[in-house]
Amino acid sequence: MFGPDICGYSTKKVHAILTKDGKNHLIKKDVPCETDQLTHVYTLIIRPDATYSILIDNEEKQTGSVYEHWDILPPKKIKDPEAKKPEDWDDKEYIPDPEDKKPEGYDDIPKEIPDPDAKKPEDWDDEEDGEWTAPTIPNPEYKGPWKQKKIKNPNYQGKWKAPMIDNPDFKDDPYIYAFDSLKYIGIELWQVKSGTLFDNIIITDDPALAKKFAEDTWAKHKEAEKAAFDEAEKKKEEEEAAKAGEDDDDLEDEEDDEKADEDKADSDAEDGKDSDDEKHDEL
353 MFGPDICGYS TKKVHAILTK DGKNHLIKKD VPCETDQLTH VYTLIIRPDA TYSILIDNEE
413 KQTGSVYEHW DILPPKKIKD PEAKKPEDWD DKEYIPDPED KKPEGYDDIP KEIPDPDAKK
473 PEDWDDEEDG EWTAPTIPNP EYKGPWKQKK IKNPNYQGKW KAPMIDNPDF KDDPYIYAFD
533 SLKYIGIELW QVKSGTLFDN IIITDDPALA KKFAEDTWAK HKEAEKAAFD EAEKKKEEEE
593 AAKAGEDDDD LEDEEDDEKA DEDKADSDAE DGKDSDDEKH DEL
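Using my numbering, read the sequence shown as starting at 353 and increasing by one per residue.
If you want it as C-alpha cells, here you go:
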C-alpha cells in the first residue's frame, strides 16, 4: 500500500506498506504528505540494491534501505542475551559532592513563623476566647529539605550496553526488493468529503519513464490548476463577504424597525396621557 493518509489533525503522512509472505510491514520513517486541495503526484521507487525513494511532485522526500526502514527480515545483529553488566561498572553520571556539608541548625529552621505584624484584637477576651496566638506565615528563611549538591562523577563509564552479535535467526533475502504478486491496482478510501479524483497511475521498472509521465501529465496543468483554485477561492471569499454585509444590513433594518415600534409605542402612550389630562380638565 502506498499513498497519502490524512485523518483528523494528527495523521498527515505517506503510507508505504510492503507485504511479504502475507504480512504487512509499515515503513518506520515518518514521511509528511501534502495537505492542500491541489493535485499531487506520489512516487515510490524500490531498486534491485534494496534501496528506495519516496517522491512527492517529483521531489525526493525520503530515501534509504528496505532492510533498515522496514522490519521485513529479522535484524542482522542482536544484543548478546548472555552478556551481563560488570558489577564494578559505574554508570552514575553525577554523584553527591562530598565537600558539600549541611549547615549547622538547618533542620531547626521552621517552615512557618508567627506573623510579626499581627496584633491581638482589642476585643479579644482571654477568659472567653482563650489565649491569643498570632497567625503563622511562611518563613522566608526556610528553604525546604536540604539537598546535597551533585558533581560530575570522575569514574563515570557511560551507560552500559550489551555487545551486539550475529542474529542466528537472520536469513538474508536477496530478492527483498521484488514483489511478484503485484498484479492489480486498488484504491482504499474512507472519507467524509467528496471531490477526490485519482488518475494517471503508472507501474513501471523505469524511474525515468515515471518521472517523464508525471511531467507530461500533472506538471503541465499544475500552474493552471493553482490559478483556477485561487480564483475560485477569491470568488468564494467575495460571496461570503457580500452575504455577511447583507446579514448586517438585515440586522440594522430589524434594529431600525424595533426602534420605530418603540417610538410609536411611546408616542401612543403620550397621546393617551394627553387625552386623559384633557378629560380631567373638562371635569
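For each residue, glycine too, the CB sits at the ideal point set by N, CA and C.
In the pairwise beta carbon analysis, the stretch 522–539 is classified as not touching the stretch 556–570: fewer than three pairs are separated by under 8 Å. If you ignore the 5 residues before and after P466, its C-beta comes within less than 7 Å of the C-beta of A486, T488, all in its own chain and listed in chain order.
Q414 has its alpha-carbon roughly 22 Å from the corresponding atom of P526. By alpha-carbon distance to V393, the top candidate from A576, A562, E590 is A562.
Rounded to the nearest angstrom, the gap between the Cα atoms of E464 and W476 is 24 Å. The Cβ-Cβ distance between D551 and K428 does not fall below 9 Å. With 16 or more other CB atoms across the displayed protein chains lying within 10 angstroms of its CB, I379 is buried. If you look at P490, you'll find it in the beta strand (DSSP E) that goes 488–490. Annotated as distal: K513 and Y446, with beta-carbon spacing of 9 Å or more.
For F354, the enclosing beta strand (DSSP E) covers residues 354–359. Sequence-distant partners of E412 (beyond 5 residues in either direction) whose C-beta falls short of 8 Å from its own C-beta, in its chain, are S405, I406. As the crow flies, the alpha-carbon of D532 is around 45 Å from that of K511. Per DSSP, reduced to three states, the secondary structure at P466 is strand.
Inclusion of K523 and P426 in the CB contact set at 9 Å is warranted, their separation being smaller than that value.
Here I461 has E493, Y494 as same chain residues with Cβ atoms under 6 Å from its own Cβ, once five neighbours each way along the sequence are excluded. Residue environment for W422: buried (at least 16 other C-beta atoms within 10 angstroms of its C-beta). For P448, the enclosing beta strand (DSSP E) stretches over residues 446–448.
The C-beta of A470 has fewer than 16 other C-beta atoms within 10 Å across all chains shown, which makes the residue exposed. Nearest neighbour of P520 by Cα position, chosen from I430, I397, K472, turns out to be I430.
By the criterion of at least three beta-carbon pairs nearer than 8 Å, the stretch 432–449 is not in contact with the stretch 564–574.
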